[in-house]
Amino acid sequence: MLDQAVILSTARTPIGKAYKGAFNNTYGATLAGHVIHHAIKRSCVDVNEVEDVVMGCGRPQGTTGNNIARQGALRAGLPTKVSGLTVSRHCSSGLQAISVAAQNIITNDIQVSVAGGIESISLVQNEHTNTHFINDPELIKLQPDIFMSMLETAEIVAKRYRISREQQDEYALISQRRTHEAQKKGKFDDEIIALESIKLVKD
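Here the sequence shown is numbered in my numbering, starting from 42 and rising by one per residue.
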């Protein structure tokens with residue numbers, strides 16, 4: 042009989058604005074380690090019981106490269122025996138990581154795992170992005186839109202479904218207002234873990 046996988050606790054940092062937000066100068070391992078540490082603490086599981094850390098990352102390079110899951114595990118204070126696995130499926134990387142961890146538990150490969158997602162657009166998607174040999178011309182011949190950005194994709198989707206900029210702005214405003222009200226009412230208090238940071242400000 043297969044085991045069941047259950048989520049014991051959750052934790053996340055606040056969301057920072059890309060490039061100009063509070064975490065624009067914070068290492069990826071620091072972000073990941075902070076939430077891993079607090080998720081374990083909230084679960085009341087002994088750190089020595091954790092067998093694996095699985096983290097999803099859409100752009101695993103720079104500060105979120107070199108197996109950021111393993112880095113986050115160490116930054117969280119987990120023993121060196123705890124392994125780390127970084128999963129990349131772009132926008133759904135975090136969800137995929139949770140799925141991988143759940144599958145490993147269900148099939149009885151491990152008993153306890155930490156899973157989630159990590160991203161630092163500020164420090165990764167910028168002028169330092171590694172673009173060396175990034176676009177394979179033969180692949181582009183097979184699939185011309187393979188390297189299309191999310192912004193370009195959004196423009197095409199908006200035109201295809203006749204969604205105006207005004208409609209998008211209206212929806213965005215509603216979403217931001219709902220988030221603001223929910224935060225004022227403490228709706229996110231049980232999931233957001235505060236993290237002190239030094240923000241980089243350019244004149």
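Using N, Cα and C, we set each Cβ at its ideal position, and we do this for glycine too.
These figures come from a predicted structure and were not determined experimentally.
### Buried/exposed call for C132, threshold 16 Cβ in 10 Å
Translated into positions along the sequence shown, residue 132 becomes position 91. Classification for C132: exposed.
### Message
In the DSSP assignment, the beta strand (DSSP E) including T220 goes from what residue to what residue?
### Response
For the purposes of this step, residue 220 is taken as residue 179 along the sequence shown, with counting starting at 1. T220 -> not in any beta strand (DSSP E); alpha helix (DSSP H) instead, spanning 206-225.
### Query
Is it true that the CB of V95 sits closer than 9 Å to the CB of I139?
On the sequence shown, position 98 is the one that residue 139 refers to. On the sequence shown, position 54 is the one that residue 95 refers to. For I139 and V95, yes; Cβs fall inside 9 Å.
### Cβ neighbour criterion (16 or more within 10 Å) applied to V242
Within the sequence shown, residue 242 is the residue found at index 201, counting from 1. Counting Cβ neighbours within 10 Å, V242 comes out exposed, since fewer than 16 surround it.
### Query
Three or more beta-carbon pairs under 8 Å between the region 75-93 and the region 116-126, yes or no?
yes
### Message
Output needed for S134: all residues of its chain with C-beta closer than 7 Å, excluding positions within five of it in sequence on either side, in chain order.
### Response
By 1-based counting over the sequence shown, the position of residue 134 is 93. Once the five neighbours on either side are set aside, the close Cβ partners of S134 are G97, C98, G99, V128, G158.
### Query
Where does I234 sit, in a helix, a strand or coil, going by DSSP?
Locating residue 234 in the sequence shown gives position 193, counting from the first residue. The answer is coil: DSSP assigns I234 none of H, G, I, E or B.
### Query
Looking at E232 and R53, is the spacing between their C-beta atoms short of 9 Å?
If you number the sequence shown from 1, residue 53 lands on position 12. If you number the sequence shown from 1, residue 232 lands on position 191. Yes; because the gap between Cβ atoms is below 9 Å, this pair is in contact.
### Message
For the alpha helix (DSSP H) containing L115, name the first residue and the last one.
### Response
What you label residue 115 is simply residue 74 of the sequence shown in a count that begins at 1. 109-116 is the span of the alpha helix (DSSP H), which, as asked, contains L115.
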